[in-house]
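Colleague:
In the UniProt record's numbering, the protein residues as written are 1 to 115.
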C-alpha cells in the first residue's frame, strides 16, 4: 500500500513538472515565432525602401494587411555630414493595446543609388 501511495505521489510530481516545462516551451516557441515574423516584415520593408529610387528624406508608418497586429514605422534622413541616407525600420507587434514585440533595422544608403 505504501509503495502505491509513494509511486502515485512521485508520478503526480513528475506530471506537474513536465506540464510546467511544456507550458514554458510553448510560450517560448510563440515568442520566437512572433520575433521571426517581425524580423521578416522589417527586412521586407527595408528592401522595399532600398529598392525605391527616391532619395528624399521621409517618415512613414502603416500596417501589414496579411499580418494583423504588426505595424511599421520607418525614417529616411541625411546621415551626419555625408552624402549618405540613414534608414531605420521598426516593426512592432501589438496585442490588446499593448506592445509585445519590436524589431529595429538600420542601414546606410548612398544617395543616387537604388540599392
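Quick reminder that beta carbons are idealized off the backbone N, C-alpha and C, glycines included.
(1) Any chance the stretch 64-76 sits against the stretch 88-108, with 3 or more Cβ pairs inside 8 Å?
(2) Can you round the beta-carbon distance between residue 49 and residue 87 to whole angstroms, since I take them to be within the 8 Å contact cut?
(3) Please identify the residue among 95, 100, 39 and 52 whose C-alpha is closest to the C-alpha of residue 111.
(4) Which residue wins for smallest C-alpha separation from residue 116, given the options 18, 95 and 82?
(5) Taking all protein chains shown into account, decide if residue 46 is buried (16 or more other Cβ within 10 angstroms of its Cβ) or exposed.
Modeller: Reading from the atomic positions:
(1) With a cut-off of 8 Å, the stretch 88-108 and the stretch 64-76 count as touching, because enough Cβ pairs lie within range.
(2) The pair is a contact, with the Cβ atoms about 6 Å apart (cut-off 8 Å).
(3) 52
(4) Limits of the chain in this structure are 1 at one end and 115 at the other, which puts residue 116 out of reach.
(5) buried
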